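Residue numbers (numbering that gives the first Met the number 0): 0 to 157.
Taking it in order: structure first as structure tokens, then the write-up.
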Amino acid sequence: MEAIQTIRKTRQFLLDTIKDLSAEQINTIPQGFSNNIIWHLGHMVAAQQGVCYIRAGIAPVLDQAFIDRYKSGTKPEHIITDQEIGQIKGLMFSSLDQLQQDYDQKAFEGYTAWSTRYGNTISNIQEAIDFLPFHEGMHIGYIMAFKKLIGQPAESLK
Numbered sequence: 000m001e002a003i004q005t006i007r008k009t010r011q012f013l014l015d016t017i018k019d020l021s022a023e024q025i026n027t028i029p030q031g032f033s034n035n036i037i038w039h040l041g042h043m044v045a046a047q048q049g050v051c052y053i054r055a056g057i058a059p060v061l062d063q064a065f066i067d068r069y070k071s072g073t074k075p076e077h078i079i080t081d082q083e084i085g086q087i088k089g090l091m092f093s094s095l096d097q098l099q100q101d102y103d104q105k106a107f108e109g110y111t112a113w114s115t116r117y118g119n120t121i122s123n124i125q126e127a128i129d130f131l132p133f134h135e136g137m138h139i140g141y142i143m144a145f146k147k148l149i150g151q152p153a154e155s156l157k
């Protein structure tokens with residue numbers, strides 16, 4: 000599906016943009032904010048599970064504890080280790096692979112319509128997937144701003 004490929008490309012761009020940041024930088028919560036870069040990455044994955052699976056009445060493919068940790072309204076509870084950062088980065092793509100597979104197998108037939116806080120009505124899985132780039136775009140904007148606020152490693156300034 001083309002929309003999933005667009006999300007994949009956007010996520011790859013995002014990860015390329017932050018690849019030189021240290022775990023400390025990725026965990027830094029800029030003054031005046033309540034979360035950090037890694038929270039936003041985790042939230043993008045958790046939101047995909049909520050919008051696509053939970054709203055369709057299907058058990059999410061990720062563990063509920065992960066979704067609860069990164070759902071809207073939460074904030075970082077602890078420093079995320081390099082290992083956890085790697086896992087979240089991996090989930091950004093493995094969750095899309097699973098979404099594509101489940102979409103191809105028509106797993107989302109019983110999707111229940113709902114309204115987003117942004118005024119969109121999502122009535123089926125296609126609309127849900129089409130909504131994800133909008134949602135992720137907002138979080139990418141935060142990540143790009145946070146990157147400027149926390150500074151960049153000297154190597155990337157060359």
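Glycine residues also receive a C-beta, built at the ideal position from the N, C-alpha and C atoms.
Being a predicted model, the structure only gives us computed values, none of them experimental.
{"query": "Proximal residues to Tyr102 (C-beta, below 8 Å), its chain only, five neighbours per side dropped", "result": "Met0, Ile3, Ile124, Ile128"}
{"query": "Sufficient close CB pairs (3 or more, under 8 Å) joining the segment 38-48 to the segment 64-80", "result": "yes"}
{"query": "Cβ contact check for the segment 105-117 and the segment 28-40: 3 or more pairs under 8 Å", "result": "no"}
{"query": "Own chain, CB closer than 8 Å to Pro152, minus 5 neighbours either side, in chain order", "result": "With a pLDDT of 49 at Pro152, under the threshold of 50, the predicted position of this residue should be treated as unreliable, though the coordinate-derived value follows. For Pro152, where only same-chain residues beyond five positions count, the Cβ hits under 8 Å are Asp19, Leu20, Ser21, Gln24."}
{"query": "CA-to-CA distance, Asn35 to Ile142, given in whole angstroms", "result": "8 Å"}
{"query": "First through last residue of the alpha helix (DSSP H) which encompasses Ala45", "result": "36-47"}
{"query": "Simplified DSSP state of Lys157, which is helix, strand or coil", "result": "Reliability of the predicted coordinates at Lys157 is poor, the pLDDT of 32 falling under 50, and the value obtained from them is presented with this limitation in mind. Here Lys157 sits in coil by DSSP."}
{"query": "Pair within 8 Å by beta-carbon distance, Arg7 and Leu95", "result": "yes"}
{"query": "Whether Asn26 touches Ile79 by CB criterion (8 Å)", "result": "yes"}
{"query": "Contacts around Thr5, its chain only, beta-carbon distance under 7 Å, and the 5 residues preceding and following it disregarded", "result": "Pro132"}
{"query": "CB of Thr16 within 8 Å of CB of Glu135, strictly", "result": "no"}
{"query": "Span of the alpha helix (DSSP H), counted from its first residue to its last, around Lys125", "result": "For clarity, residue 125 is Gln in the given sequence; the question names Lys instead. Taken as a continuous stretch (DSSP letters only), the alpha helix (DSSP H) holding Gln125 covers 124-149."}
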